[in-house]
Structure formats: structure tokens, C-alpha cells
Amino acid sequence: MITRSRRTGRALAGMLAVAAVLLAGCGTSRPTVTFDVDGASLTAAPTQFCDNRMENCSDEPNSRVTADVPAGTPIRITVPEDVSAGPWQVAYAFTRGDDPTPIEQRSDIATPGSRGEYTLILPSETDRLVTAQVQLFGAAPAIDPETEALEFPVRATWVLVGEQPAS
């Protein structure tokens, strides 16, 4: 026979376990990334963010930041420890001269714990940034069975959009 105090204790323990799970979900940190552009410091929240298992994801496209990035301006990108603890890189696009077609490139992948900053310098002083995107990788790379291409799942992204001059 279970006594009343044992039932109360079990019920309390069950409620505490549920509360701990709910609080753990609410406390999911969404780290920010800083883009330093021509003397201005812009803090971006993630535009896309998934948990460590890449199961619970959210999209916030309005979290991107926008700045006038003069041609040839280096962009210093600072990531917090939450990001630098995993593999990450910068994917970026820029235009060259009068050609409006974006050229896409990527930085080398920063291995976990190797660096917390990256300075993006476009190839030519006349190149204009279209977008810079910090990408935090999630699960291990896998081969897409249809294309046979190696895919790197991206767990979170932070985006800087460069304003283009009016033509």
C-alpha cells in the first residue's frame, strides 16, 4: 500500500521533471553574431536556428542586418563561444564592376574552438558585398543519395545584407 506522502512525493517529482524539461526548452540560447562594417557594429540574431540534434528548427528571416558596405571594405565578423565551439564558415556573395551577377564564395571552415573572428576581404577593392552569411554546421556531413554530392547540414545562420547603390 502506498502512503499519501509517497504519492505526493512522486507527483511532486514528476511535476519537477516536467518543469525541468520545459525550462530547458525555453532556455535554448540563440547566440548573436557581430558584423563590423566601416566603423559600425551590427548585431545579428540567427535567421535560422536548430537545436543540436537538428530536430527543432525556427526561421526568422527578418533577423538579418543590412548595411551600406562601400566597395573594398573589409568586414570583421565576431562569433560567440557558442558558435566557435563548433565548425563554422562564412558564405558570401559579391558583385564585380557593372555586372549585377553575384559571385559566390566561402571561407575555409573554422574547426571547433579554433577561432572566434574572421575578416572578410573581397578579392578586389572594387567588389561590392551582396551578402555575408555565418553558417554553423550541425550533424556530420552526408552524401545525398540522389546527387551523390557531399552535404554539410547547417544548424544556424546569421546574415548581413549589403545595400547596393542605386543605378
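Residue numbers (the working numbering): 20 to 186.
Every residue gets a Cβ at the ideal spot worked out from N, C-alpha and C, and that includes glycine.
Everything numeric in this text was worked out from a predicted model, so none of it was measured.
Quiz item: Opposite threonine 97 in the DSSP bridges: which residues?
Solution: Per DSSP, the beta-bridge partners of threonine 97 are Thr53, Glu136.
Quiz item: According to DSSP, which residues form a beta bridge with glutamate 170?
Solution: Its beta-bridge partners are Ala161.
Quiz item: If we count Cβ pairs, one from each stretch, closer than 8 Å, do we get three or more for the region 169-176 versus the region 147-161?
Solution: The region 169-176, when compared against the region 147-161, does touch it at the 8 Å Cβ threshold.
Exercise. Please state if the CB of phenylalanine 54 and the CB of leucine 179 are separated by a distance shorter than 8 Å.
Key: Yes; because the gap between Cβ atoms is below 8 Å, this pair is in contact.
Self-check item: Cβ-Cβ distance between proline 106 and threonine 138 below 8 Å
Solution: No, the Cβ-Cβ distance between proline 106 and threonine 138 is not below 8 Å.
Exercise. With a threshold of 16 other CB atoms inside 10 Å of the CB of alanine 86, please say whether the residue is buried or exposed.
Key: Buried is the call here.
Practice problem: Give a yes or no on contact between the region 89-101 and the region 135-150, applying the rule of three or more CB pairs nearer than 8 Å. | Solution: With a cut-off of 8 Å, the region 135-150 and the region 89-101 count as touching, because enough Cβ pairs lie within range.
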